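Chemist:
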Amino acid sequence: MTSNKTIQAPRLLEDPPLHVESLLAAAGAEHPHRLICVQADMAADGLHYGNQWLAATQNRILIARQTVGAWAVVDTSIDDVIRAHTDVLVGGGHLLIERHAEPVLVVAFTSTEAAKFSEVARGIEQLRKHQALHINGHLERVRCQHCHRLLPEKDGICPACIRKWSTMKRITGYISPYRWKAVTLAVASVVTTMAELAPPLITRRIIDDVLVTDNPATFDEKVMLLGFLVLTLIGIRVVSWAAEWVHGWNVAWLGAQATADIRSQLYQRLEMLSLQFYDKRKVGALMSRVTRDTGRLQDFLVDGLPYLLINGMMIVGILGFLLYMSWELTLYTLIPVPFIIVWSIVFWKRMRRFFTRWGETWSNLTDRVAEALSGIRVVKAFAQQEREINAFGALNRKITDIGVETSVNRTIFFATISFLTGFGVIIVWYFGGEEVIDDRLTLGTLLAFYSYMWMVYGPLEWFGQVNSWMSRAFAGAERVFEVIDTAPESYEDVHAQRLPKMSGHIRFDEVTFGYDKSKPVLNEIDMDIQAGEMIGLVGRSGVGKTTIVNLIARFYDVDHGGISIDGIDLRRLNLRDLRKQIGIVLQDPILFSGTIAENIGYGKPGAKFAEIIDAARLANAHNFIVAKPDGYETQVGEQGNGLSGGERQRVAIARAMLHNPRILILDEATSSVDVETERLIQQAIHRMVDGRTTFAIAHRLSTLRDADRLIVLDGGRIVEQGTHAELMQRKGKFHELVELQQEASKIIAIAE
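Spelled out as structure tokens, the structure:
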């Protein structure tokens, strides 16, 4: 019988359209009673795109779907449900609700909805068992909330809904810390604009008052006036030169400084983001954001924005002068302007797609090069240089094709603009000439008007180029700000509980986790690890061994359940305190460019040289280090190039020892080394694990004999626990793995 107790828990709710809302309410599933309400993006037949809505209350499950043109609701009781689960297929999947003596209810969805329906299945299972609802009410967005287009990345930014004004404000916000230089730049811009506007007026006076005039002034008086006006022009040019110099210097400084601040903030955020962020993105694409996208921003700040400001002020000033000289000719001048504006908007809106494609292709090219060069040994080992060259060539040709298409379109654009402005010039020459002939306008005024007219048309032509700069810069800014706006790991959470000295007691409480939320790697893991205990994690590849240690280091947060250290939930623990007390030695240790001493001291900045040597001795690394010509000052290349695998491993162990962690993680620390090197590494590990909570993952199961306890995983669950001897006696899963490994060793020995 269904419990009447109200379940207080997070809900997974989406807002249905009004006609579905009415159907659900009429069926008794009003909004206040819903615990789950989600949309599926496949039709009821499971073969076509469409809409279905699933709602669940404490007692019932309802599915609103369209059949034969009409909407209907399928209703079932929670008590009739035997099991709810998802069946994930290629490109999509099904939510299957199995019932007593009733057909299985099937809700089809695409792969973008898989994580959501995995949570729905989990929630229905909890309701079926009358448990408190524990589901993730906040899922990654796959569609834009405004236009409902698919996002380029989960929880990403929709390119179609970017607001240029907001982006512009944000970019220029990086200039605000340097407001005095910005004020200087503004003053220089105003002076430059005024200096550009003055010469046509002076030229008008030279023509009307000196060269073409009925003024009865003497020759000397006219020469004096001419000299004064020419000197005025020279003075204006000197002032203009000085203002442009001040303007150019400040623009270059502000643009470079603002871009450096953006680049610095971007890199800081990249360092603080979780591994989950990096799992979804390629390193080359992220490098492209740090380099190319920030470079676009600098181009806009140095070239585009100043051009926009100065020419914007100039157009306003020129229009004022034109109206003052002749409002009729001003109207003739403006005839082509609406056509120019419309053509520019249409053209640059189309060009934005080219810039987006160009940026995406550049990211792919950068990533391809980074991947090929980092794996150059594999490329050469399999003689696949030609393949990589061809792949690079295909992307390079794609960039070239986009570039050519862009250039052709730009040529058409500027040719059309010149055609339109040419008509404006012809119109002004005709009607202006008519007014000069009729003595309604002086020749000097017409020539000044002609000069100002080109000063209007010129920027109008190039405002399209500014739009191009803006489109490129905003496309880059969107990619940069997407990273900056991503929530970082909570290192500085003031509400987090401090634990500067932990004992190392770790507890897993019904932990479920999956890198893809619809495909859990770990399922309801329960284990209690005492402080100082050495645990060996055993199982086939892909069963979740490395995932467990990733969760302990909080590289990822659990989907369900919890992990605690010394009784404190990891999510409430200060992340800096946690990471400072965890040491990790990986199967393929990462070393950085620098000296061996710098690599050993990486985890403890400011470590004394004697401490580095002591750590190297404990790791059995000292002898091979001092045997090198430069000893501890030996330069290590990228990824540890210059050292053998065993040497890199021992340097990594020395680094972990100097770090002096309370929790030690050894992930295949002795794999892929010879017997003698393995013996040295094992000696170092024995010294390291003493008094520390240790998790060891090893390919050779015999190396885990000294572990206090072995935990055997299969299918994402714990299937056995015990010492090496106990598990061998049980002849269970662990015994099977040992037997398989021994058989494989015999085959290898025979082959040799």
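Sequential numbering of the sequence shown, starting at 0, is according to numbering that gives the first Met the number 0. Ideal placement from N, C-alpha and C gives every residue a C-beta, glycine not left out. Being a predicted model, the structure only gives us computed values, none of them experimental.
1) Rounded to a whole number of angstroms, what is the C-alpha to C-alpha distance between THR192 and LEU265?
2) Can you have a look at MET469 and say buried or exposed, based on whether 16 or more other CB atoms are within 10 angstroms of its CB?
3) Are LEU274 and LYS180 touching if we call contact CB-CB under 9 Å?
4) Pick helix, strand or coil for ALA71, following the three-state DSSP scheme.
5) Closest by CA to PRO519, which one among GLU118, LEU328, THR109, TRP164?
6) Classify LEU46: buried if its beta carbon has 16 or more other beta carbons within 10 angstroms, exposed otherwise.
7) I'd like to know whether the C-beta atoms of GLY92 and SER517 end up nearer to each other than 9 Å.
8) Output the distance between the C-alpha atoms of MET167 and TYR429, rounded to the nearest integer angstrom.
9) Determine the burial state of TYR277: buried for a count of at least 16 other Cβ atoms within 10 Å of its Cβ, exposed for fewer.
10) With the cut-off set at 9 Å, would you say ASP576 and LEU498 are in Cβ contact?
11) Assign VAL282 to one of two classes, buried (16 or more other C-beta atoms within 10 Å of its C-beta) or exposed (fewer than that).
12) To the nearest angstrom, how far is the alpha carbon of ILE528 from that of LEU285?
13) What's the call for GLU112, buried or exposed, on a 16-neighbour Cβ count within 10 Å?
14) Could you compute how far the alpha carbon of ASP508 sits from the alpha carbon of GLY560?
15) According to the neighbour-count rule (16 or more other Cβ atoms, all chains shown, within 10 Å of its Cβ), is ILE547 buried or exposed?
16) Answer with buried or exposed for GLN384, where buried requires no fewer than 16 other C-beta atoms within 10 angstroms of its C-beta.
17) Is PHE418 buried or exposed, if buried means 16 or more other CB atoms sit within 10 Å of its CB?
18) Can you give the Cα-Cα distance for THR1 and ARG59, rounded to whole angstroms?
19) Per DSSP, which residues does PHE512 bridge with? Please list them.
20) Can you name, in chain order, every residue of its own chain whose Cβ lies under 6 Å from the Cβ of GLY316, other than the five neighbours on each side?
21) Quick one, which of ILE717, LEU679, LEU665, GLY593 has its alpha-carbon nearest ASN622's?
22) How about ILE662 and PHE694: are their beta carbons less than 9 Å apart?
23) Return the CA-CA distance between SER21 and ASN50, expressed in angstroms with no decimal places.
24) Tell me the rounded alpha-carbon separation between PHE608 and VAL625.
25) Using the Cα positions of ASP74 and PRO660, report the straight-line distance between them to the nearest angstrom.
26) Just mark VAL584 as buried or exposed, buried being the case when its beta carbon has 16 or more other beta carbons within 10 Å.
27) Where are the alpha helix (DSSP H) runs, 4 residues long or more, that stay fully inside the segment 595-641, in chain order?
28) Using the DSSP secondary-structure output, state which residues sit across from TRP52 in a beta bridge.
29) Looking only at C-alpha atoms, which of TYR451, GLN496, ASP400, PRO102 sits nearest to MET313?
30) If you follow the beta strand (DSSP E) that THR231 is part of, which residue opens it and which one closes it?
31) Quick one: using the 10 Å Cβ neighbour count with 16 as the cut-off for buried, is ALA472 buried or exposed?
32) Apart from the five residues just before and just after VAL19, which ones in its own chain have a Cβ nearer than 6 Å to its Cβ?
33) Whose C-beta lies closer than 6 Å to the C-beta of ILE747 among residues of the same chain, with five residues either side of it excluded?
34) Check this for me: beta carbons of GLU532 and ASP707, under 9 Å apart or not?
35) Out of ILE340, ILE233, THR485, which has the shortest C-alpha to C-alpha gap to LYS279?
36) Less than 9 Å separating the beta-carbons of ILE710 and VAL537?
Modeler: This is what the structure holds:
1) The residue you call residue 192 lines up with position 193 of the sequence shown. The residue you call residue 265 lines up with position 266 of the sequence shown. Between THR192 and LEU265, the C-alpha separation is close to 35 Å.
2) Looking up residue 469 in the sequence shown gives position 470. Classification of MET469: buried, given that the 10 Å Cβ count is 16 or more.
3) Translated into positions along the sequence shown, residue 274 becomes position 275. Translated into positions along the sequence shown, residue 180 becomes position 181. Contact flag unset, no.
4) In the sequence shown, residue 71 corresponds to position 72, counting from 1. ALA71: strand per DSSP, three-state reduction.
5) Taking the sequence shown and counting its residues from 1, the one referred to as residue 519 is at position 520. By alpha-carbon distance to PRO519, the top candidate from GLU118, LEU328, THR109, TRP164 is GLU118.
6) Here residue 46 refers to the residue found at position 47 of the sequence shown. Exposed, since its Cβ has fewer than 16 Cβ neighbours within 10 Å.
7) Translated into positions along the sequence shown, residue 92 becomes position 93. Translated into positions along the sequence shown, residue 517 becomes position 518. Taking 9 Å as the cut-off, the beta carbon of GLY92 is found closer than this to the beta carbon of SER517.
8) The residue you call residue 167 lines up with position 168 of the sequence shown. The residue you call residue 429 lines up with position 430 of the sequence shown. Answer to the nearest angstrom: the Cα atoms are 42 Å apart.
9) Position 278 of the sequence shown, counting from 1, holds the residue named residue 277. With fewer than 16 Cβ atoms within 10 Å of its Cβ, TYR277 is classed as exposed.
10) What you label residue 576 is simply residue 577 of the sequence shown in a count that begins at 1. What you label residue 498 is simply residue 499 of the sequence shown in a count that begins at 1. Taking 9 Å as the Cβ cut-off, ASP576 and LEU498 qualify as a contacting pair.
11) For the purposes of this step, residue 282 is identified with residue 283 of the sequence shown, where counting begins at 1. Burial state of VAL282 is exposed, judged by a 10 Å Cβ sphere holding fewer than 16 other Cβ atoms.
12) Position 529 of the sequence shown holds residue 528. Position 286 of the sequence shown holds residue 285. Their backbone Cα atoms lie some 38 Å apart in a straight line.
13) Taking the sequence shown and counting its residues from 1, the one referred to as residue 112 is at position 113. Classification of GLU112: buried, given that the 10 Å Cβ count is 16 or more.
14) Here residue 508 refers to the residue found at position 509 when the sequence shown is read from its first residue. Here residue 560 refers to the residue found at position 561 when the sequence shown is read from its first residue. Cα-Cα distance, rounded: 6 Å.
15) One-based indexing of the sequence shown puts residue 547 at position 548. Buried is the call here.
16) For the purposes of this step, residue 384 is taken as the residue at position 385 of the sequence shown. Exposed: under 16 other Cβ atoms inside 10 Å.
17) Walking along the sequence shown from the start, residue 418 turns up at place 419. Classification of PHE418: exposed, given that the 10 Å Cβ count is below 16.
18) In the sequence shown, residue 1 corresponds to position 2, counting from 1. In the sequence shown, residue 59 corresponds to position 60, counting from 1. Here THR1 scores only 38 on pLDDT, less than 50, and its place in the model is too uncertain to base an answer on.
19) Counted from its first residue, the sequence shown places residue 512 at position 513. In the DSSP assignment, PHE512 forms a beta bridge with LEU521.
20) By 1-based counting over the sequence shown, the position of residue 316 is 317. So the list reads LEU196, once near-sequence residues are dropped.
21) In the sequence shown, residue 622 corresponds to position 623, counting from 1. When only C-alpha atoms are compared, the closest one is LEU679.
22) By 1-based counting over the sequence shown, the position of residue 662 is 663. By 1-based counting over the sequence shown, the position of residue 694 is 695. In contact: ILE662 and PHE694 (Cβ atoms closer than 9 Å).
23) The residue given as residue 21 occupies position 22 in the sequence shown. The residue given as residue 50 occupies position 51 in the sequence shown. Computed Cα separation, rounded: 16 Å.
24) Counted from its first residue, the sequence shown places residue 608 at position 609. Counted from its first residue, the sequence shown places residue 625 at position 626. Between PHE608 and VAL625, the C-alpha separation is close to 14 Å.
25) Residue numbering aside, residue 74 sits at position 75 when the sequence shown is read from its first letter. Residue numbering aside, residue 660 sits at position 661 when the sequence shown is read from its first letter. One C-alpha to the other measures close to 56 Å.
26) On the sequence shown, residue 584 is found 585 positions in, with the first residue counted as 1. The residue in question, VAL584, is buried, as its Cβ has 16 or more Cβ neighbours within 10 Å.
27) 595-599, 608-617, 621-625
28) Looking up residue 52 in the sequence shown gives position 53. Note: TRP52 sits in a beta bridge opposite GLN38, ALA63.
29) Counting from 1 along the sequence shown, the entry for residue 313 is found at position 314. Among TYR451, GLN496, ASP400, PRO102, the Cα nearest to that of MET313 belongs to TYR451.
30) For this step, residue 231 is matched to residue 232 along the sequence shown. Run containing THR231: none in the beta strand (DSSP E); it sits in the alpha helix (DSSP H), 218-271.
31) Start at 1 with the first residue of the sequence shown, and residue 472 comes out as number 473. Looking at its Cβ environment, which holds 16 or more other Cβ atoms inside 10 Å, ALA472 is buried.
32) Residue numbering aside, residue 19 sits at position 20 when the sequence shown is read from its first letter. The beta carbon of VAL19 sits closer than 6 Å to the beta carbons of TRP52, ALA63 from its chain, once the five residues preceding and following it are set aside; these are given in chain order.
33) Here residue 747 refers to the residue found at position 748 when the sequence shown is read from its first residue. A caution first: ILE747 carries a pLDDT of 46, below 50, which makes its placement in the model unreliable, though a value can still be read off. If the five residues before and after ILE747 are omitted, its C-beta is found closer than 6 Å to no C-beta atom of its own chain.
34) Here residue 532 is taken as the residue at index 533 of the sequence shown, counted from 1. Here residue 707 is taken as the residue at index 708 of the sequence shown, counted from 1. GLU532 is a Cβ neighbour of ASP707, given a cutoff of 9 Å.
35) Taking the first residue of the sequence shown as 1, we reach residue 279 at position 280. Ranking the options by Cα distance to LYS279, first place goes to THR485.
36) By one-based count along the sequence shown, residue 710 stands at place 711. By one-based count along the sequence shown, residue 537 stands at place 538. The answer is yes: Cβ separation under 9 Å.
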